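Only one structure is covered here, and it is reproduced in the block below.
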Amino acid sequence: MTAAASILVIDDEPQILRALRTILTAKHFHVSTASRGEEGLALAADQPPDLVIWDLSLPDIDGIEVCARLR
Numbered sequence: 002m003t004a005a006a007s008i009l010v011i012d013d014e015p016q017i018l019r020a021l022r023t024i025l026t027a028k029h030f031h032v033s034t035a036s037r038g039e040e041g042l043a044l045a046a047d048q049p050p051d052l053v054i055w056d057l058s059l060p061d062i063d064g065i066e067v068c069a070r071l072r
């Protein structure tokens, strides 16, 4: 049996975080969420996810910066 793929969702809208967590968890993914870019980057550094989904307009840093720093 293989481990579930991990997905990190970074978005400042609680409804979007809730919806994606619900949908992805139902599909047997391990889902982590963050509401700010810096928080998401810290989570990704601590436990690198298999996939990151993020909003381009976050309250602290923009999504382009998140992408650059994830790379």
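Residue numbering for the sequence shown follows my numbering, starting at 2 and increasing by one per position. From the three backbone atoms N, C-alpha and C, an ideal C-beta is built for every residue, glycine too. Model, not experiment: these values are computed from the prediction.
| Item | Value |
| --- | --- |
| Going along the chain, which residues of its own chain have a beta-carbon closer than 6 Å to the beta-carbon of VAL32, five neighbours each way excluded? | ILE8, ARG22, LEU25 and THR26 |
| Per DSSP, THR26 is paired with what? | DSSP, once it has assigned bridges, lists no residue as partnering THR26. |
| On the DSSP letters alone, give me the boundaries of the alpha helix (DSSP H) that LEU44 sits inside. | 38 to 47 |
| Between ILE11, ILE17 and ILE62, which has its C-alpha nearest VAL53's C-alpha? | ILE11 |
| Using a threshold of 9 Å, state whether the C-beta atoms of GLY38 and ASP63 are closer than that. | yes |
| Quick check: what's the CA-CA separation for ALA4 versus PRO60? | 33 Å |
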